[in-house]
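In what follows, a structure is listed as structure tokens, so that the remarks can point back to it.
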Amino acid sequence: DVVLTQSPLSLPVTLGQPASISCRSSQSLVHINGNTYFIWFQQRPGQSPRRLFYRVSNRDSGVPDRFSGSGSGTDFTLKISRVEAEDVGVYYCMQTTHWPPTFGQGTKVEIK
Amino acid sequence: EVQLVESGGGLVQPGGSLKLSCAASGFTFSGSAMHWVRQASGKGLEWVGQVRDKPNNYATAYAASVNGRFTVSRDDSKNTAYLQMNSLKSEDTAVYYCTPWGGDFIDAFNIWGQGTMVTVSS
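Sequence order for the protein chains is A and B. Take 948 as the starting number for the first sequence in our numbering and just add one per residue. Take 19 as the starting number for the second sequence in our numbering and just add one per residue.
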């Protein structure tokens, strides 16, 4: 199975400051069809997961533009340009290029 | 409005069985594969299994941790997916979510229900 390794696992941030989460894959996530099926989720406390980005950088409806997704191959990054209080929660990466689908361990974002 | 409502969770003894349901509305249920994902308390997300749509012969697939014990199925006439869980173990204790892939949606897992809690304990 593809292993996704997120870092850091805990990310204390100051309101208004930027934040960045890395997700590295044990193998390339480029599908034979040329697409990269890589997803970022946000899970706020007590809530279900919410998809933020699909295919690396395609922002889902309603996701603020302070969030951005980037990367290719085996290295991917989620950035928040200016952290707001509502951004507190756990962020997961996921791949669906290879079977079975796998998730990263999660990165907990909290306010300092 | 697109909605997924999971139900059927509860307390069950080790070795017991439980059947979860996922009622869908607001989208073309028959056109999507339906997946189950679980999350133990304070832990990460784990893919459990899937049932594909009719054109794909309702094919199923499972995580190694549940293969042979869990069965995913669907009833398109009721817009409902199911997760039959047998031979339950304490490590199956988790919130179980259903989520669609494909069909009306781009790629996977952009819609989630509220989840249903399963506790396996004596």
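Glycine is no exception: its CB is placed at the ideal position from the N, C-alpha and C atoms.
Measuring straight from C-alpha to C-alpha, what distance separates residue i and residue j?
i: A/I1027; j: A/F1014; result: 5 Å
i: B/S95; j: A/V1056; result: 42 Å
i: B/S35; j: A/Y1039; result: 30 Å
i: B/G27; j: B/V66; result: 15 Å
i: A/V1037; j: B/R92; result: 31 Å
i: B/N128; j: B/V30; result: 30 Å
i: B/E64; j: B/R87; result: 16 Å
Could you tell me whether the Cβ of residue i comes closer than 8 Å to any Cβ of chain A?
i: B/L63; result: yes
i: B/G27; result: no
i: B/F127; result: yes
Measure how close the beta-carbons of residue i and residue j come, nearest whole angstrom, since I'm counting them as under 8 Å.
i: A/R907; j: A/D1034; result: With chain A represented from 948 up to 1059, any question about residue 907 of chain A goes unanswered, as that position is not in the structure.
i: B/L38; j: B/E24; result: 6 Å
i: B/P118; j: B/S48; result: Contact doesn't hold; Cβ gap of about 11 Å is too wide.
Is it right to say residue i is buried, meaning 16 or more other beta carbons lie within 10 angstroms of its own, or is it exposed?
i: B/A77; result: exposed
i: B/A126; result: buried
i: B/A81; result: buried
i: A/S1019; result: exposed
Quick one: does residue i have its CB under 8 Å from some CB of chain B?
i: A/S995; result: yes
i: A/F1060; result: In this structure chain A extends from 948 to 1059, so residue 1060 of chain A is not present and cannot be described.
i: A/P1048; result: yes
i: A/T1043; result: yes
i: A/D1007; result: yes
i: A/G1018; result: no
Indicate the three-state DSSP secondary structure (helix, strand or coil) for residue i in the structure shown.
i: B/E109; result: helix
i: B/E24; result: strand
i: A/D1034; result: helix
i: B/N74; result: helix
i: B/G44; result: coil
i: B/G133; result: coil
i: B/G49; result: helix
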